[in-house]
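Using this note's numbering, read the sequence shown as starting at 83 and increasing by one per residue.
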Amino acid sequence: MAWLVVAAWLGAAQAAQPGDADLQAWRSWKDIAPAVVVAPLDGPEEVLEKAEIIADRRDALGREQARVAVHCEGLRATVNGVDQQLAATRDMLDVRGGRDLLLRRRARDLRSRQRALRTLTASCEANLEALGAALVEVAARHDAYLRRAQALRAEETGTPSAEEGTTP
């Protein structure tokens, strides 16, 4: 009977988890590329403003990555729970000689749920990997904008920037 309680709890936990579409919502965010194009006459302040827009996106992606990571961990725990339920159900079937129709149905349902959860977990982990790649790309772009602003500021003041070096 304890396995029925665990099954009911896992069913409630799965219903409370966001779906695959919720985990990929970040992909539909508005593209910031048009807002951060550096025009030829942009000065260091304008480039820094655009770097701030990029930093905001970087921070949002970081928060989203943390949220998706928590969800993936929950999915992995749920898969582990279903694996344990399936093992216990198979043991009970062995004890009863495989003649219990309810246990056979339960094992079939658990195998189906196990496959679905593994597919969702794989999708979640792929999404987490894509988020990580997007975060690295945005962070690199932010750093490039900061370097560009520093170079423009050095150019305005007439001092050499770190990129230009100190030799004439």
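Virtual Cβ for every residue (Gly too), placed ideally from N, Cα, C.
Buried or exposed (CB count within 10 angstroms, at least 16 for buried), residue i
i	result
V164	buried
T201	exposed
P116	exposed
T239	exposed
A94	Reliability of the predicted coordinates at A94 is poor, the pLDDT of 49 falling under 50, and the value obtained from them is presented with this limitation in mind. With fewer than 16 Cβ atoms within 10 Å of its Cβ, A94 is classed as exposed.
Q105	The question names Gln, but residue 105 in the sequence shown is Leu. Result: buried.
R188	buried
A98	Caution applies to A98, whose pLDDT of 49 falls short of 50 and renders its modelled position unreliable; the value that the coordinates give is listed next. Exposed, because fewer than 16 other Cβ atoms sit within 10 Å of the Cβ of A98.
Nearest-angstrom beta carbon gap, residue j and residue i [assumed within contact, 8 angstroms]
i	j	result
V161	T203	6 angstroms
V220	R140	5 angstroms
R193	L168	7 angstroms
R108	L175	According to the sequence shown, residue 108 is Trp rather than Arg. W108 to L175, Cβ: 43 angstroms. No contact.
A137	H224	5 angstroms
Residue of the options minimising C-alpha distance to residue i
i	options	result
C154	R235, R181, L217, C206	C206
W111	D124, L143, L157, D182	L143
R158	R235, Q167, G125, L199	L199
L234	Q106, R187, V120, G125	G125
L185	T171, A121, D113, E127	T171
A103	G156, V218, N209, A222	N209
E237	D113, V118, R178, L123	L123
V218	Q147, T241, R195	Q147
Q166	V129, Q232, E128, R195	R195
Exercise. Where in the region 94-180 do unbroken runs of the alpha helix (DSSP H), each at least 4 residues long, occur, reported from the N-terminal end onward?
Worked result: 102-105, 126-177
Exercise. Would you call the region 131-138 and the region 225-234 touching, i.e. three or more CB-CB distances under 8 angstroms?
Worked result: yes
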